[in-house]
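Student: For the sequence shown, numbering that gives the first Met the number 0 begins at 0 and goes up steadily by one.
Supplied in structure tokens, the structure appears directly below.
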Amino acid sequence: MRAAPVVSTAAQLTPPTVLLLQETQPWGSVANETILNNLGVAFATATADALAAMSDIGLDQYSVIIVASDQPQSFYDTLKAQMGRINHWVKTGPRTLEFHVADHGWNNGRFTGVLPKMVASFNARDDLDVAVRPKWPLMKGVPSTINGSAASQNALMVQPPIKTILTDTVGNSTLVDYCWKQGRVIASGLTLEYAWDHGWDAKPLLENMLAASTSAPGCQHSN
């Protein structure tokens, strides 16, 4: 029997509109849950199997999907098969997909699926990331250079007009923010949850991403 989504404290009073997808905690971190709770967001946590079992009507109740970093292979395999459905979901409403694509972590998974607009991730470990759009709203309070031991674990293959916000030291995109029809996609290969736990430079970035995704779902800018 597939487990149903587990709701947060706020979601016990208000129907959840945010879906956090994870099989296990990324690098043992509860950063995503902590930040969402601090924001007062009504959210549910579900596995990829639970997503696969969810009806389209059930999925449409959510305006935000957040995919945690560092998941096991079984999670990523199931999620890959659901990406066509997620692609349709995000573009057909004021919705946001926030995808933390850093894999190859403690849980040994590798995501080989494709995000909306054919954005794919690949392993590209770097200890330094650089802001190419330091004034982008997601970068508020974030240093223009982000340090860490594996500050980014993955990079993203993108084509214009998709906006790159951060790159690694060889110019690979490590944070992108783009519209897909009515929806919005924010994706990053930074080790966000680990950085938050350890107070690294990317800590405020994770907070900004989650706040932006949940406060105003859907496309907020033009490509």
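Positions of the beta carbon are idealized from the N, C-alpha and C atoms, including for glycine.
#1: Let me know if residue 0 comes out buried or exposed under the rule of 16 or more other beta-carbons within 10 Å of its beta-carbon.
#2: Please go through the same chain and pick out, in chain order, the residues whose beta-carbon is closer than 6 Å to the beta-carbon of residue 64, but skip the five residues on each side of it.
#3: By the three-class DSSP mapping on this structure, what secondary structure does residue 0 have?
#4: If you draw a straight line from the C-alpha of residue 141 to the C-alpha of residue 201, how long is it?
#5: Taking the straight line between their C-alpha atoms, what separation do you get for residue 109 and residue 85?
#6: What residues in its chain sit with their C-beta under 8 Å from that of residue 137, if we drop five residues either side in the sequence?
#7: Residue 224 to residue 122, Cα distance in whole Å?
#8: Bridge partners for residue 165 per DSSP, in chain order?
#9: With 16 other CB atoms within 10 Å as the buried threshold, where does residue 56 fall?
#10: First and last residue of the alpha helix (DSSP H) that includes residue 84?
#11: Report the residue from 48, 66, 60, 75 whose alpha carbon sits nearest the alpha carbon of residue 107.
#12: Who pairs with residue 97 in a beta bridge, going by DSSP?
#13: Alpha carbon to alpha carbon, how far is residue 93 from residue 101? Give it in angstroms, no decimals.
#14: With distances taken between CB atoms, is the gap from residue 155 to residue 118 smaller than 8 Å?
#15: In three-state terms, what does DSSP make of residue 146?
#16: Buried or exposed: where does residue 37 fall if 16 or more other Cβ atoms within 10 Å of its Cβ makes it buried?
#17: Find the nearest neighbour of residue 161 within the set 172, 168, 151, judged by alpha-carbon distance.
Tutor: Checking against the coordinates, here is how it stands:
#1: Mapped onto the sequence shown, residue 0 falls at position 1. At residue 0, the pLDDT of 39 sits below 50, so the modelled position is not reliable and the matter cannot be decided from this model.
#2: Translated into positions along the sequence shown, residue 64 becomes position 65. The residues are 18, 96.
#3: Reading the sequence shown from its first residue, position 1 is the one you call residue 0. Low confidence applies here, because residue 0 scores a pLDDT of 39, under 50, leaving its location unreliable and the question unanswered by this model.
#4: As a first step, residue 141 must be located in the sequence shown, where it is residue number 142. As a first step, residue 201 must be located in the sequence shown, where it is residue number 202. The straight-line gap separating the alpha-carbon atoms of residue 141 and residue 201 is approximately 7 Å.
#5: Residue numbering aside, residue 109 sits at position 110 when the sequence shown is read from its first letter. Residue numbering aside, residue 85 sits at position 86 when the sequence shown is read from its first letter. Rounded to the nearest angstrom, the gap between the Cα atoms of residue 109 and residue 85 is 18 Å.
#6: For the purposes of this step, residue 137 is taken as the residue at position 138 of the sequence shown. Excluding residues within five positions, the ones whose Cβ falls inside 8 Å are 164, 174, 176, 185, 204, 207, 208, 211.
#7: The question about residue 224 has no answer, for the chain in this structure spans 0 to 222.
#8: Against the sequence shown, residue 165 aligns to sequence position 166. Paired residue(s): 130, 174.
#9: Taking the sequence shown and counting its residues from 1, the one referred to as residue 56 is at position 57. Under this definition residue 56 is an exposed residue.
#10: The sequence position of residue 84 within the sequence shown is 85, counting from 1. Its alpha helix (DSSP H) spans residues 72-90.
#11: For the purposes of this step, residue 107 is identified with residue 108 of the sequence shown, where counting begins at 1. It is 75.
#12: For the purposes of this step, residue 97 is taken as the residue at position 98 of the sequence shown. Residue 97 pairs with 65, 185.
#13: For the purposes of this step, residue 101 is taken as the residue at position 102 of the sequence shown. For the purposes of this step, residue 93 is taken as the residue at position 94 of the sequence shown. Their Cα atoms are separated by approximately 25 Å.
#14: Here the question's residue 155 lines up with position 156 in the sequence shown. Here the question's residue 118 lines up with position 119 in the sequence shown. For the pair residue 155 and residue 118, the CB atoms are nearer than the 8 Å cut-off.
#15: Looking up residue 146 in the sequence shown gives position 147. Secondary structure of residue 146 (DSSP, three-state): strand.
#16: The residue you call residue 37 lines up with position 38 of the sequence shown. Under this definition residue 37 is an exposed residue.
#17: As a working mapping, residue 161 is identified with position 162 in the sequence shown. Closest in C-alpha terms to residue 161, from the list 172, 168, 151, comes 172.
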